[in-house]
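For reference, each letter of the sequence shown is one residue, going 5 to 576 in the numbering used here.
Built from N, CA and C at the ideal position, the CB exists for glycine as well.
A short write-up of the structure that comes next.
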Amino acid sequence: MSWILNLKEKAENLLDHIDDVAATALQKPLGSASVADDCRDQRVTLPNDAAHVLPKLDSSVRRGPPQNNGSAYRSRMPASMADGMSDSTSTYSVSCSRESSTGNGYLQVDGSTKAVAVGYEDEQNGSVLIAVDKAEDELDHVTSDMSLRSLEAKDHQIAILRLRVQELESSLSKRQALSRSSDTELANVQEVENLNRQLHVLEAVISEERKSHEDAKEEYLGRIQDIERENVTILEKLTVANHQLNEQKLRCQQSSEQLAQLQFNLESCKQEFEEYKVKATRILQAKENTIATLKQASGEVDSSAQAASFEELRTERDILKDELQKMAISVNKLKEDVQASESQRMADQRASMQQLHQLEEELQASRLSSSHYRLQLRELEQEAKGATEEVNNLQRTLQTKLQEKDAEIKRLSREIMAVPSKAEGESETEQRVKQLMESLIKKQNTIELLQTDKHSLMLQLERVERMYREAESAAIRATYNSQSQGAPNGNRLRVPSFLSGKLGKTLLKQVDRFCYGVDVVTGHCGIMFRRYPMARFFFLAYAVVLHFWVAFVLFTYTPEMHTVDGFPRPST
5 MSWILNLKEK AENLLDHIDD VAATALQKPL GSASVADDCR DQRVTLPNDA AHVLPKLDSS
65 VRRGPPQNNG SAYRSRMPAS MADGMSDSTS TYSVSCSRES STGNGYLQVD GSTKAVAVGY
125 EDEQNGSVLI AVDKAEDELD HVTSDMSLRS LEAKDHQIAI LRLRVQELES SLSKRQALSR
185 SSDTELANVQ EVENLNRQLH VLEAVISEER KSHEDAKEEY LGRIQDIERE NVTILEKLTV
245 ANHQLNEQKL RCQQSSEQLA QLQFNLESCK QEFEEYKVKA TRILQAKENT IATLKQASGE
305 VDSSAQAASF EELRTERDIL KDELQKMAIS VNKLKEDVQA SESQRMADQR ASMQQLHQLE
365 EELQASRLSS SHYRLQLREL EQEAKGATEE VNNLQRTLQT KLQEKDAEIK RLSREIMAVP
425 SKAEGESETE QRVKQLMESL IKKQNTIELL QTDKHSLMLQ LERVERMYRE AESAAIRATY
485 NSQSQGAPNG NRLRVPSFLS GKLGKTLLKQ VDRFCYGVDV VTGHCGIMFR RYPMARFFFL
545 AYAVVLHFWV AFVLFTYTPE MHTVDGFPRP ST
């Protein structure tokens with residue numbers, strides 16, 4: 005606005021200068037011939053002074069001859085000049101107004117002032133009046149010429165000022181556009197800063213989710229390891245209990261066989277004792293009968309021979325009694341042995357029953373623990389499913405947010421590229437865009453890492469489920485074998501000999517590692533096929549071509565048969 009104030013000051017100075025010139029021209033004496041020259045010199049210089057500061061004029065100003073009352077001259081002047089020159093024109097009209105005989109003058113002179121001037125001139129000199137009239141006519145012509153020239157100069161100046169005003173308006177519009185672009189750039193910068201803040205918040209959320217996911221993963225792996233250890237200990241306890249059961253059953257069978265043998269020996273001893281007793285009684289009765297018959301029949305026999313035979317019979321009887329006593333003692337001993345063996349057998353049976361009850365309780369406890377572990381595995385599977393669903397939801401939300409951020413960044417980059425700005429602003433925006441792109445690339449890398457972790461967790465879950473099924477099948481087999489071994493002729497759980505030692509454990513570990521490696525390789529192949537569609541296409545094309553080739557070979561190949569003497573033989 006300073007240039008408008010300067011223009012106003014210059015216009016006011018110009019008007020003051022015009023007023024001063026008019027006042028000096030009117031205050032000079034009329035008889036002097038230099039009045040017209042001074043007025044001409046002073047008014048000719050006016051257009052040059054007003055070339056730079058006059059305001060706009062109306063383009064519809066007419067350049068026709070003025071009226072006799074001087075209103076046309078006032079209409080040609082602008083409002084500011086008319087207001088500024090009101091005092092000077094009033095004094096000029098009072099002192100120097102006159103009527104023009106031709107009607108082409110621009111200044112009027114009052115009748116009263118003319119009468120006063122004529123009386124004064126009649127008193128002085130009549131010739132002075134003629135000179136004054138000529139000077140006034142010349143002054144009127146000069147003023148008319150100067151007014152026309154000044155009007156043309158003013159029109160030219162007005163056109164120049166209009167051009168300058170248009171230029172200023174265009175510069176103002178450009179500055180307003182630049183200010184709007186700067187405002188839009190500031191808004192874009194604020195939006196980018198907000199996006200950066202949101203990205204930082206999302207990074208913090210992702211880091212927290214990753215930490216929680218890692219903690220849950222560690223807890224899951226720890227629980228799985230504890231479950232595996234407990235399963236191993238339970239299997240070892242089951243094998244030891246089965247071994248003890250087999251030993252107790254063998255001992256029971258041996259004790260039952262010994263008892264049967266002892267019973268058989270006892271029965272045989274009893275039968276022999278009864279037979280021997282019957283034989284001894286018969287022998288004694290026969291000998292007593294012979295003694296009685298001998299006593300009755302042979303009274304003639306000597307008493308010495310009878311006594312000797314009687315003593316022999318007594319000795320034989322005593323011997324038989326001793327033998328009978330010994331046999332009774334042996335029978336009693338056998339009875340005691342049988343009772344001891346029976347008591348031992350009962351004790352063994354009780355111990356075996358107690359062990360069986362203990363083993364059954366251990367089996368029930370193992371079954372309960374296995375059911376508890378199954379419930380824990382189901383809970384862990386549900387937790388893993390929930391974690392995977394949460395991870396998938398997070399990945400989806402992150403992908404949607406990243407897509408939205410990408411779209412916003414593209415839009416902002418387009419707007420920034422479309423809006424002209426300074427080099428520093430462009431460099432800063434480019435650096436920020438680069439930083440945003442790098443952060444987006446990092447986020448994509450983290451998402452890919454999370455996807456790989458998820459796939460590895462899925463593979464571990466599958467491996468744990470497989471191990472759980474194998475352990476469950478092994479436990480079911482162990483229970484079946486233990487139930488089948490309860491029968492007298494049941495089958496025993498037989499472990500292969502090559503798996504019982506250290507070599508078997510190493511083989512099992514190597515097989516487990518091989519299976520785990522195969523699972524990892526297949527998982528990576530699945531990830532590769534999921535990421536790269538061209539790999540899937542080539543793999544499917546390879547499989548289709550291979551199947552067609554195998555089918556073609558199977559349907560078109562005919563084996564060559566060579567015959568020797570009419571008998572076929574294979575080709576060499």
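By the neighbour-count definition (other C-beta atoms within 10 Å, threshold 16), residue 217 is a buried residue.
Distance from residue 375 to residue 238 at the Cβ level is roughly 12 Å; contact not present, criterion being Cβ atoms closer than 8 Å. The Cβ atoms of residue 232 and residue 532 do not sit closer than 8 Å to each other.
Judged by DSSP secondary structure, residue 546 falls within the alpha helix (DSSP H) whose first and last residues are 537-560. Here the C-alpha atom of residue 391 lies approximately 46 Å from the C-alpha atom of residue 187. For residue 353 against residue 273, the beta-carbon gap comes to about 25 Å, at or over 8 Å, which does not count as contact.
The C-beta separation of residue 269 from residue 363 comes to about 34 Å, leaving the pair out of contact by the 8 Å criterion.
Rounded to the nearest angstrom, the Cβ distance from residue 277 to residue 350 is 27 Å, too far for a contact under 8 Å.
Judged by their CB atoms, residue 527 and residue 463 are nearer to each other than the 8 Å cut-off.
In this structure, the alpha-carbon of residue 226 lies about 22 Å from that of residue 512. Put simply, the stretch 435-448 touches the stretch 404-415. At least three CB pairs are less than 8 Å apart. Using a Cβ distance threshold of 8 Å, residue 458 and residue 395 count as a contacting pair. Straight through space, the alpha carbons of residue 171 and residue 184 are spaced by roughly 20 Å.
A direct Cα-Cα distance of roughly 26 Å separates residue 165 from residue 26. Between the C-alpha atoms of residue 465 and residue 222 there is a straight-line separation of about 13 Å. For a cut-off of 8 Å, the C-beta gap from residue 346 to residue 263 is around 7 Å, short enough to register as a contact.
Of all alpha-carbon atoms in 211, 15, 189, 550, the one lying nearest the alpha-carbon of residue 450 is that of 211. Listed in chain order, the beta strand (DSSP E) elements of length 3 or more contained wholly in the stretch 426-471 amount to none.
By the neighbour-count criterion, in which 16 or more other beta carbons inside 10 Å mark a residue as buried, residue 228 falls on the buried side.
Between residue 404 and residue 398, the alpha-carbon positions lie close to 10 Å from each other.
Between the alpha carbons of residue 448 and residue 541 lies a distance of about 25 Å. For residue 524, the closest of 473, 551, 461 by C-alpha to C-alpha distance is 461. Residue 389 and residue 240 have their C-alpha atoms roughly 32 Å apart.
Restricting attention to beta strand (DSSP E) runs no shorter than 3 residues, the stretch 231-290 encloses none. Contact check for residue 342 and residue 267: beta-carbon distance about 7 Å, within the 8 Å limit, so the pair qualifies. Distance between residue 415 and residue 219, taken at the CA atoms: about 39 Å. Cα atoms of residue 367 and residue 473: separation of roughly 18 Å, rounded to the nearest angstrom. If you check the CB distance, residue 324 and residue 290 do not come in under 8 Å.
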